[in-house]
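In what follows, a single structure is set out as structure tokens and then discussed.
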Amino acid sequence: MDLLTGYRLLVEATSAGANVTVLADEFNRALEGGGSLGPDFGVLAQRLADEARWSFFVSVAVGVVVLAVVAVAAAFLFRYRRRLVGWLWLWVWGGGLLRPGGGRPRTLLFDGEVLAVVAAVAVVGVALTASLLLGPAVREPFSAIGLLGPEGRIGGYPSEVAVGVPVRLHVYVYNHMGVPVWFVVYVKVSNSTGEPPLPERPVVTLQRLLLHNETWIAPFTVVLNSTGRQRVVAELWAVYPNGTVAYTGRYVQLWVNVRG
Numbered sequence: 302m303d304l305l306t307g308y309r310l311l312v313e314a315t316s317a318g319a320n321v322t323v324l325a326d327e328f329n330r331a332l333e334g335g336g337s338l339g340p341d342f343g344v345l346a347q348r349l350a351d352e353a354r355w356s357f358f359v360s361v362a363v364g365v366v367v368l369a370v371v372a373v374a375a376a377f378l379f380r381y382r383r384r385l386v387g388w389l390w391l392w393v394w395g396g397g398l399l400r401p402g403g404g405r406p407r408t409l410l411f412d413g414e415v416l417a418v419v420a421a422v423a424v425v426g427v428a429l430t431a432s433l434l435l436g437p438a439v440r441e442p443f444s445a446i447g448l449l450g451p452e453g454r455i456g457g458y459p460s461e462v463a464v465g466v467p468v469r470l471h472v473y474v475y476n477h478m479g480v481p482v483w484f485v486v487y488v489k490v491s492n493s494t495g496e497p498p499l500p501e502r503p504v505v506t507l508q509r510l511l512l513h514n515e516t517w518i519a520p521f522t523v524v525l526n527s528t529g530r531q532r533v534v535a536e537l538w539a540v541y542p543n544g545t546v547a548y549t550g551r552y553v554q555l556w557v558n559v560r561g
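According to our numbering, the sequence shown is numbered sequentially starting from 302.
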């Protein structure tokens with residue numbers, strides 16, 4: 302199975318609510334090895350998606366049954382609230398006699414405003430239950446890229462290097478898109494001040510599939526063969542399930558003075 306087909310199946314399984322960590326690990330191993338996915342990848346993706354859909358259906362069914370039972374119980378309590386309060390009163394005190402009367406209710410149990418508040422709370426409870434079943438949505442999806450120094454931390458960036466000497470840096474990528482994303486980082490070297498994406502060919506290409514809320518740090522090395530002020534640019538691109546490779550608009554850069 303080719304990577305794009307596997308990527309599409311993985312995203313579909315995620316949309317169904319499946320835990321695709323195993324699929325993502327296998328996908329990244331194939332990505333690093335430059336190969337393809339095994340035939341079992343599609344079978345596993347389909348099975349995880351089917352199990353997730355069935356689990357969601359069962360959860361919805363159980364939620365509906367619970368809400369129906371609560372609604373029936375609430376209606377019963379409301380309908381027979383006076384009698385139930387009377388029985389409770391007799392049970393607590395073990396004696397006494399209740400006589401029906403035409404007086405106004407003296408407890409909050411019979412207050413219309415209180416009952417309205419209870420109904421509102423019930424509606425909120427239904428809404429919260431539905432939101433839990435459907436899962437939280439990502440309000441502001443975004444991706445991010447950062448540049449780290451030779452030790453994989455912020456700082457320690459070289460400002461001056463000799464021509465032909467390898468420069469080691471790290472790239473940091475974060476996925477907050479709400480779905481798995483196949484990211485590609487193109488590292489380019491240029492002496493221009495133009496806005497990325499730059500027309501230069503990438504000297505390093507890094508790629509990885511990231512699940513939602515997952516980060517990735519990858520080392521890379523570039524060799525600057527021209528003297529003068531040079532710019533190392535890392536552009537963040539994304540592969541979409543339809544096969545489109547698009548620039549995300551995110552990039553990081555480092556200006557370096559290259560001496561002869």
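All C-beta atoms, glycine included, are put in the ideal place defined by N, C-alpha and C.
Answer yes or no: do G318 and R348 have a C-beta to C-beta separation smaller than 9 Å? Between G318 and R348, the C-beta gap is not smaller than 9 Å, which leaves the two residues out of contact.
Could you say which of N329, T322, E333, G544 lies nearest to A350 if we only look at CA atoms? Closest by alpha carbon: T322.
In whole angstroms, what is the alpha-carbon distance linking L434 and V361? In this prediction, L434 scores a pLDDT of 49, lower than 50, which makes its location untrustworthy; the coordinate-derived value is nonetheless stated afterwards. Just so you know, the alpha carbons of L434 and V361 end up roughly 7 Å apart.
According to the Cβ coordinates, are L555 and V524 closer than 9 Å? By the CB criterion at 9 Å, L555 and V524 fall outside the cutoff.
Rounded separation between R309 and G544 - CA only: R309 and G544: Cα-Cα distance of roughly 9 Å.
Give me the Cα-Cα distance between G307 and Y381, rounded to the nearest whole angstrom. If I take the Cα positions, the gap works out to 59 Å.
Measure the CB-CB distance between L338 and E352 and report whether it falls below 9 Å. Contact flag unset, no.
N-terminal and C-terminal residue of the alpha helix (DSSP H) that S360 is part of: That run of the alpha helix (DSSP H) goes 341-380.
Kindly list the residues whose CB is nearer than 6 Å to the CB of L512, restricted to its own chain and excluding five residues on each side of it in sequence; keep chain order. So the qualifying residues of the chain are A325, P481.
I want to know whether the region 467-474 touches the region 447-458 - three or more CB-CB distances under 8 Å. Taking 8 Å as the limit for Cβ pairs, the verdict is that the region 447-458 does touch the region 467-474.
Leaving aside the five residues before and after Y487 along the sequence, list all residues of the same chain whose C-beta is less than 7 Å from its C-beta, in chain order. Only residues of its own chain outside the window of five on either side were considered, and among them P503, T506, E536, W538 have a CB closer than 7 Å to the CB of Y487, listed in chain order.
What is the rounded straight-line gap between the Cα of K489 and the Cα of E496? Cα to Cα, K489 sits roughly 12 Å from E496.
E564 lies in the alpha helix (DSSP H); which residues open and close that run? Residue numbering for the chain in the displayed model covers 302 to 561; residue 564 lies beyond these limits and cannot be assessed.
Under a Cβ-count criterion, where at least 16 other Cβ atoms within 10 Å of its own Cβ denotes burial, should F342 be classed as buried or exposed? The residue is buried, with at least 16 neighbouring Cβ atoms inside 10 Å.
How long is the line joining the alpha carbons of G335 and F357, rounded to whole angstroms? The straight-line gap from Cα to Cα measures roughly 36 Å.
Output the distance between the C-alpha atoms of V367 and H477, rounded to the nearest integer angstrom. One C-alpha to the other measures close to 34 Å.
According to DSSP, simplified to helix, strand and coil, what is Y552? In the structure shown, Y552 sits in a strand (DSSP, three-state: E or B).
Cutting at 6 Å between CB atoms, please list the residues of its own chain near N320, excluding the five before and the five after it. Shown here for N320: not one same chain residue has a beta carbon closer than 6 Å to its own, the five before and five after excluded.
Looking at the unbroken beta strand (DSSP E) that takes in E536, where does it start and where does it end? 529-540 is the extent of the beta strand (DSSP E) around E536.
Inspect the beta-carbon positions of V557 and P459 and report whether they are closer than 9 Å. Yes, the pair counts as a contact, with Cβ atoms nearer than the cut-off.
Residue environment, T315, which counts as buried when at least 16 other CB atoms sit within 10 Å: Classification for T315: buried.
Starting from G447 and walking both ways along the beta strand (DSSP E), at which residues does that stretch end? From DSSP, the beta strand (DSSP E) with G447 extends over 443-449.
How far does the beta strand (DSSP E) with A319 in it reach, from first residue to last? Boundaries for A319: no beta strand (DSSP E) harbours it, and the DSSP string shows neither H nor E there.
Comparing alpha-carbon positions, which option in F521, T522, R530 lies nearest R560? Distances from the CA of R560 to each of F521, T522, R530 were compared; the closest alpha carbon is that of R530.
If you check the beta carbons only, do W517 and Y475 fall under 9 Å apart? Yes, these two residues count as a Cβ contact at 9 Å.
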